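Visitor: Just passing along the structure, written as structure tokens.
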Amino acid sequence: MPPSERDRKYDRQLRLWAGTGQAALEASHVALLNASATGCELMKNLILPGVGEFTIIDDSLVKPDDLKLNFFFNDESVGSPRSVIACKLLGELNQDTRGHALFQNPEVLINDVDFQWDKFSVVIITNISESSVRKLSNILWNKSIPLIYVYTVGFYGYLRVINREITIVDTHPESLVDLRLDQPWPELIDYTMSFDLDSLPILDYAHVPFVVLILKFIDQWKSAHNGLMPGTYEERTQFKQLINDARKASDLENFDEALASVWRISQKTTIPPDILAILNDPSIDNLNEESPDFWVLVKALKRFTEAPRNNGLLPLSGVLFDMKADTNNYIRLQTIYREKSLADVHFFTELLNELLLELNRPSSSISSEEIKLFCKNCRYLNVTRGSKLDSEFSSEGFRSAYELAAFSENHDPFYTYLALRVYSLFLDKNWYYSENGKQITSRDDVELKNLFKSIITPFPTVPAVEKVFSEIIRTGSGEFHNICSFMGGIGAQEILKLLTWQYIPLNNTIIYDGIFGTTKTWKL
Amino acid sequence: MTINALDRVIEIIGPFTDESYVPGPHVKEFLENSKVLVIGAGGLGCEILKNLALSGFKDIHVIDMDTIDISNLNRQFLFRAADIGKPKATVAAEFVSKRVKGVKITPYFGKIQEKNEEYYSQFTLVVCGLDSVEARRWINALLVNMVDDENPESIKPLIDGGTEGFKGQARVIIPTISSCYECSLDMLGKQQTYPICTIANTPRLPEHCIEWASELEWVKVFPGKKLDKDNMENIQWLYEVALQRANEFKITGVTYSLTQGVIKNIIPSIASTNAVIAAACCNEALKIVTSVNPYLDNYMMYTGNEGVYTYTFQHQRKEKDCPVCGKGNGYLTVSIPKDITLEDFITEELMLRPDIKVKSPSLRTVRTVLYFQWPPQLKEATERNLSKKMIELVNEDEEIVITDPALPFSLRLRLFYE
Ligand SMILES: [Zn+2]
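In order, the protein sequences belong to chains A and B. Take the first sequence: its position 121, counted from the start at 1, is 121 in full-length UniProt numbering, and no numbers get skipped. Take the second sequence: its position 380, counted from the start at 1, is 380 in full-length UniProt numbering, and no numbers get skipped.
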């Protein structure tokens with residue numbers, strides 16, 4: 001069936017997050033507080049891929065200077081509300097997205113206790129006083145709505161994700177292949193044993209899948225070594241020799257593949273540590289009817305690994321990569337992996353249904369697609385827990401950050417982080433962004449340094465931080481479009497992950513240094 | 001309140017500016033008077049044009065040979081549904097010149113190879129947002145060749161960006177001074193290809209069935225008719241034929257979307273990654289032209305699928321061995337099996353190796369012509385060499401010179417028989 005017009009338009013992104021991600025994106029509503037250049041660039045990258053709705057909240061009017069930095073204002077718009085113009089010019093990017101303009105002061109809105117934030121899936125806040133960001137971050141934290149705080153000054157960009165928790169099943173690892181060469185199951189063993197290598201004509205011999213070869217040689221090795229696998233490096237070298245000695249010709253790709261895969265058997269199939277941590281997460285202790293599907297699935301997964309028949313193993317992904325083989329043998333092998341995976345899904349579903357019953361939920365309340373995806377990806381689940389802005393922005397938080405920086409190298413972006421923190425406090429102490437266009441000047445250098453000293457007492461000041469101060473002062477609180485656009489790209493990417501529930505999100509801070517072309521991220 | 005940082009930084013020396021930096025209004029004048037060339041008006045190109053226009057560049061040229069397709073609209077934000085079918089360069093130039101006052105953008109709807117050295121020499125620098133390795137190699141070689149040691153202005157910095165899904169890279173190439181595009185070709189992986197015998201005899205993957213439909217069945221059913229990869233009916237035919245073969249062999253996974261992806265070699269592309277990479281490139285363009293801060297030395301890799309990760313490093317120039325910027329008698333060494341034929345050498349090594357990757361090469365040694373694609377008489381005369389073994393044709397101490405119409409330089413290599 002040729003694709004619909006919509007699928008053709010979104011083809012290049014559907015290859016990344018598929019129809020499920022797209023549907024989630026289209027069901028989302030994103031709010032932007034302050035139609036800054038960074039904010040509008042970010043929105044552009046969400047509207048193009050088709051976010052469902054967006055709201056721009058801003059109470060200022062377009063000034064001629066805005067046009068030099070923000071692409072989503074035009075000549076004719078000078079004097080008009082920024083929210084309305086940005087909404088219109090951004091809205092033109094995608095007919096399938098609905099935009100709303102709210103002509104209102106973001107700071108006032110944050111203080112309005114009656115404002116309904118719940119309709120937003122994500123909120124973005126840019127170029128605003130730190131006290132307002134802190135206030136908003138607490139409001140949204142309590143509602144579990146993610147907040148993205150982003151701004152730029154000169155060649156520096158800062159972005160912070162404030163999100164309570166996100167649980168991701170579809171993390172898109174490099175590969176989902178799980179061969180289990182060390183723990184073959186009966187069907188795989190039977191299939192392996194059905195080959196009699198010695199009697200095979202050379203053409204067939206050259207097309208025996210390497211998985212079969214390795215399993216056969218492991219068997220041979222084990223019977224000569226008290227049932228043990230080749231464990232040490234030396235033993236694996238001997239094992240390779242065993243394979244090499246058996247080959248009937250030099251140019252056998254399947255034997256080459258077997259040799260190249262010997263390292264795989266040195267890795268015992270177990271539950272990866274990150275997944276073990278998820279299985280032991282307190283979130284599964286007191287599940288109820290309302291609990292998120294993810295944690296219900298995790299609890300079922302834990303029961304799966306505890307079931308005696310599964311030997312403490314996770315469900316098999318059933319994914320196989322290509323290997324030298326004739327069609328029949330490859331498809332047969334693939335079927336064995338897939339059937340094992342299906343059997344695991346089947347057993348998992350039984351356990352899940354029991355659990356759902358305990359929780360007073362109907363057994364069909366988690367779809368079979370969801371279950372299959374969960375089982376296929378269960379080695380690569382991700383739980384990202386964020387932190388509140390308050391703890392980071394306290395003087396305690398600042399000091400622990402400072403101590404981190406003591407280990408950094410000269411132009412490490414962490415110094416930039418420290419300098420930006422001080423800069424932000426300085427702005428809050430002296431004036432608000434929105435109130436007047438006062439620029440920071442060299443006269444402020446002393447105050448910045450003093451402020452820094454007062455926060456980090458009794459620690460010594462750092463020349464690297466003072467250099468960033470001079471650079472910030474040099475740019476006079478001004479911005480560059482390129483840095484805004486860079487941060488808008490990062491911000492949109494992170495929001496896409498949160499909205500599609502795919503890939504692994506940033507947790508939780510990034511600094512971009514546009515002077516040296518570097519970025520660094522931390523969990524703060 | 002919006003404050004543009006540019007007007008401030010050009011007046012003041014910063015803590016990281018080069019010692020030789022002289023601040024003042026002339027910096028902005030130089031920026032406004034410099035001509036910059038943008039190659040590509042696609043996902044990166046649209047962003048690059050916007051960024052340069054809002055960075056203070058006033059005279060921008062853009063080249064692109066493509067027309068707008070519906071699948072561009074998810075990221076190429078200067079285009080609307082009504083623009084489908086129109087040239088990208090023209091529509092993009094018009095949009096940005098209209099939006100940003102005082103900026104002149106001159107489009108050229110065509111191939112970069114249609115322009116000569118004289119054309120390229122008018123620019124201060126070139127920003128490249130392409131998805132084609134071939135075009136990048138071409139412009140890189142041209143800019144390196146244009147350098148005249150006596151004339152520093154003949155050095156045209158090349159800023160190159162590329163993206164693929166959530167990943168990308170931005171780099172600065174100062175021709176003959178820093179590592180060039182050709183120097184880093186081996187960083188690309190060997191191209192994924194499927195052996196013809198697998199496709200014909202032992203298909204295992206849905207891709208094998210799709211290749212069977214396009215490489216073998218199409219030619220059989222429509223002899224002499226060229227496959228149009230942009231024609232949905234053609235893709236539909238391939239899909240149906242591939243699906244039928246897949247069913248015969250019990251292979252699962254052939255879809256229309258996969259068929260199209262394999263046939264057109266589609267690379268996923270999103271607005272956010274393009275924004276990041278284009279911004280990184282244009283930030284370098286601004287710094288190079290104004291010297292307000294040091295520029296990237298010389299490569300930034302970006303990965304956004306797992307958190308955000310960048311790796312910034314200095315890619316080393318192959319001063320001796322690079323076939324484009326190398327100064328010595330540099331040549332590549334290729335080790336090949338003793339019994340390989342000239343034909344297999346061409347199709348399995350020269351066409352696939354990332355650091356050679358030619359499409360229709362001609363080969364000669366000092367002693368003899370091995371194989372020439374053109375003129376027809378020479379092609380005919382050398383075709384019988386194709387089935388001969390390399391070891392019979394070339395000794396290990398002989399140099400092979402390879403030329404290709406897509407490359408404005410020749411590659412030299414020596415063989416090592418395994
Ligand atoms: Zn080079």
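The beta carbon of each residue, even a glycine, is placed where N, CA and C say it ideally should be. Quick caveat, the model's predicted, so the values are computed rather than measured.
Hey, could you find the ends of the alpha helix (DSSP H) GLU29/B is sitting in?
Guide: The residue given as residue 29/B occupies position 29 in the second sequence. Its alpha helix (DSSP H) spans residues 25-33.
Visitor: For PHE120/A, name the three-state secondary structure that DSSP assigns.
Guide: By one-based count along the first sequence, residue 120/A stands at place 120. Coil, per DSSP.
Visitor: Opposite SER362/B in the DSSP bridges: which residues?
Guide: Here residue 362/B refers to the residue found at position 362 of the second sequence. Partner(s): THR403/B.
Visitor: For ILE490/A, which residues in chain B fall below 7 angstroms Cβ to Cβ?
Guide: Residue mapping note: residue 490/A aligns to position 490 of the first sequence, counting from 1. The answer, in chain order, is VAL276, VAL308.
Visitor: Looking at ligand 1, does it come within less than 8 angstroms of VAL144/B, judged from the CB to the closest heavy atom?
Guide: If you number the second sequence from 1, residue 144/B lands on position 144. It does: the Cβ of VAL144/B is within 8 angstroms (strictly closer) of some heavy atom of ligand 1.
Visitor: Just mark GLY85/B as buried or exposed, buried being the case when its beta carbon has 16 or more other beta carbons within 10 Å.
Guide: Position 85 of the second sequence holds residue 85/B. Under this definition GLY85/B is an exposed residue.
Visitor: What do you reckon, is the C-beta of TYR331/B under 8 angstroms from a heavy atom of ligand 1?
Guide: Translated into positions along the second sequence, residue 331/B becomes position 331. Checking every heavy atom of ligand 1 against the Cβ of TYR331/B, none is found closer than 8 angstroms.
Visitor: Got a list of residues with beta-carbon closer than 5 angstroms to any non-hydrogen atom of ligand 1, in chain order?
Guide: CYS180/B, GLU182/B, CYS183/B, CYS322/B, VAL324/B, CYS325/B
Visitor: Can you give me the Cβ contacts of TYR504/A inside the same chain, cut-off strictly under 6 angstroms, excluding the 5 residues immediately before and after it?
Guide: For the purposes of this step, residue 504/A is identified with residue 504 of the first sequence, where counting begins at 1. This sequence places Ile at residue 504/A; Tyr is not what is there. Hits under 6 angstroms: THR171, ASN382.
Visitor: Note down, in chain order, every chain A residue with its Cβ under 9 angstroms from the Cβ of THR303/B.
Guide: Sequence index remark: in the second sequence, residue 303/B carries index 303 (1-based). Simply none; closest approach about 11 angstroms.
Visitor: Just the Cα atoms here: how many angstroms apart are LYS340/A and GLY50/A?
Guide: In the first sequence, residue 340/A corresponds to position 340, counting from 1. In the first sequence, residue 50/A corresponds to position 50, counting from 1. Whole-angstrom Cα-Cα distance: 38 angstroms.
Visitor: Could you tell me if THR509/A is buried or exposed, where buried requires 16 or more neighbouring beta carbons within 10 angstroms of its beta carbon?
Guide: Working through the first sequence from its first residue, we reach residue 509/A at position 509. With 16 or more Cβ atoms within 10 Å of its Cβ, THR509/A is classed as buried.
Visitor: Let's see if you can read the secondary structure: which residues bound the beta strand (DSSP E) around SER335/B?
Guide: For this step, residue 335/B is matched to residue 335 along the second sequence. 332-336 is the extent of the beta strand (DSSP E) around SER335/B.
Visitor: Looking at the strands, I want to know which residues DSSP matches up with residue 423/B.
Guide: What the structure shows of chain B is the stretch from 1 to 418, and residue 423/B is not part of that stretch, so it cannot be assessed.
Visitor: In angstroms, rounded to a whole number, what distance separates the CA positions of ILE402/B and LYS338/B?
Guide: Position 402 of the second sequence holds residue 402/B. Position 338 of the second sequence holds residue 338/B. Approximately 20 angstroms, taken between the alpha carbons.
Visitor: For GLU289/A, which residues in the same chain have their Cβ closer than 7 angstroms to its Cβ, ignoring the five residues on either side in sequence?
Guide: Along the first sequence, one-based indexing puts residue 289/A at 289. Sequence-distant partners of GLU289/A (beyond 5 residues in either direction) whose C-beta falls short of 7 angstroms from its own C-beta, in its chain, are LEU359, ASN360, ARG361.
Visitor: Going by beta-carbon coordinates alone, are ILE511/A and PHE414/A separated by less than 9 angstroms?
Guide: Residue mapping note: residue 511/A aligns to position 511 of the first sequence, counting from 1. Residue mapping note: residue 414/A aligns to position 414 of the first sequence, counting from 1. Yes, the pair counts as a contact, with Cβ atoms nearer than the cut-off.
Visitor: Ordered along the chain, which non-local residues of its own chain (more than five positions away) have a Cβ less than 6 angstroms from that of ASP355/B?
Guide: Start at 1 with the first residue of the second sequence, and residue 355/B comes out as number 355. Annotation for ASP355/B: LEU185, ASP186 place their beta carbon closer than 6 angstroms to its own, counting only its chain and skipping 5 residues before and after.
Visitor: If the criterion is Cβ atoms closer than 9 angstroms, does the pair THR202/B and THR327/A meet it?
Guide: As a working note, residue 202/B is residue 202 in the second sequence. As a working note, residue 327/A is residue 327 in the first sequence. In this structure, THR327/A lies closer than 9 angstroms to THR202/B by Cβ.
Visitor: Taking its Cβ as the centre, do 16 or more other Cβ atoms sit within 10 Å of GLY39/A, making it buried, or is it exposed?
Guide: Counting from 1 along the first sequence, the entry for residue 39/A is found at position 39. Counting Cβ neighbours within 10 Å, GLY39/A comes out buried, since at least 16 surround it.
Visitor: Ignoring anything shorter than 4 residues or poking outside the segment 45-88 of chain A, list the alpha helix (DSSP H) runs there in chain order.
Guide: 64-67
Visitor: Tell me which residues share the same chain as VAL177/A and place their Cβ nearer than 6 angstroms to its Cβ, disregarding the 5 neighbours each side in the sequence.
Guide: Looking up residue 177/A in the first sequence gives position 177. The answer, listed in chain order, is VAL319, PHE321.
Visitor: Pick helix, strand or coil for THR416/A, following the three-state DSSP scheme.
Guide: Here the question's residue 416/A lines up with position 416 in the first sequence. Of the three classes helix, strand and coil, the one that applies to THR416/A here is helix, per DSSP.
Visitor: Starting from the beta carbon of SER477/A, find every residue of chain B whose beta carbon is closer than 8 angstroms, and list them in chain order.
Guide: Locating residue 477/A in the first sequence gives position 477, counting from the first residue. In chain order: ILE3.
Visitor: Which residue's Cα is closest to the Cα of ARG353/B: GLN191/B, SER20/B, ILE235/B, THR252/B?
Guide: If you number the second sequence from 1, residue 353/B lands on position 353. Comparing Cα-Cα distances from ARG353/B to each of GLN191/B, SER20/B, ILE235/B, THR252/B, the minimum goes to GLN191/B.
Visitor: DSSP on PHE217/A, reduced to helix/strand/coil?
Guide: Taking the first residue of the first sequence as 1, we reach residue 217/A at position 217. PHE217/A falls in the helix class under three-state DSSP.
Visitor: Along the segment 259-287 of chain B, where does the CB come closer than 9 angstroms to a CB of chain A? Name the residues.
Guide: GLN260, GLY261, ILE266, ILE267, PRO268, SER269, ILE270, ALA271, SER272, THR273, ASN274, ALA275, VAL276, ILE277, ALA278, ALA279, ALA280, CYS281, CYS282, ASN283, GLU284, ALA285, LEU286, LYS287
Visitor: Give a yes or no on whether 9 angstroms exceeds the smallest Cβ distance from MET232/B to chain A.
Guide: By 1-based counting over the second sequence, the position of residue 232/B is 232. Closer than 9 angstroms: yes.
Visitor: Does LEU101/B come within less than 9 angstroms of chain A when only Cβ atoms are used?
Guide: Indexing the second sequence from 1 puts residue 101/B at position 101. A small correction: the amino acid at residue 101/B is Lys; Leu does not occupy that position in the sequence shown. Cβ-Cβ to chain A under 9 angstroms: yes for LYS101/B.
Visitor: Are there 16 or more other CB atoms within 10 angstroms of the CB of PHE313/B, so buried, or fewer, so exposed?
Guide: Sequence index remark: in the second sequence, residue 313/B carries index 313 (1-based). That one is exposed.
Visitor: With a cut-off of 8 angstroms on the beta carbons, I'd call LEU52/B and VAL36/B a contact; round off their distance for me.
Guide: As a first step, residue 52/B must be located in the second sequence, where it is residue number 52. As a first step, residue 36/B must be located in the second sequence, where it is residue number 36. Beta-carbon to beta-carbon, LEU52/B and VAL36/B are separated by about 6 angstroms, close enough to satisfy the 8 angstroms threshold.
Visitor: Count the other CB atoms within 10 Å of the CB of ALA277/A; is the residue buried (16 or more) or exposed (fewer)?
Guide: Your numbering for residue 277/A matches position 277 in the first sequence. The residue in question, ALA277/A, is exposed, as its Cβ has fewer than 16 Cβ neighbours within 10 Å.
Visitor: From the beta carbon of ASP65/A, is the nearest beta carbon of chain B less than 9 angstroms away?
Guide: Here residue 65/A refers to the residue found at position 65 when the first sequence is read from its first residue. With 9 angstroms as the cut-off, ASP65/A counts as an interface residue toward chain B.
Visitor: Per DSSP, ILE173/B forms a beta bridge with which residues?
Guide: As a first step, residue 173/B must be located in the second sequence, where it is residue number 173. In the DSSP output, where bridge partners are listed per residue, ILE173/B has LEU158/B.
Visitor: Taking beta-carbon pairs under 7 angstroms, can you tell me which members of the segment 52-77 of chain B lie near chain A?
Guide: LEU54, SER55, ILE70, SER71, LEU73, ASN74, ARG75, PHE77
Visitor: Using a Cβ-Cβ distance cut-off of 9 angstroms, determine whether residue 421/B contacts chain A.
Guide: The requested residue 421/B is not part of the displayed model; chain B covers only 1 to 418.
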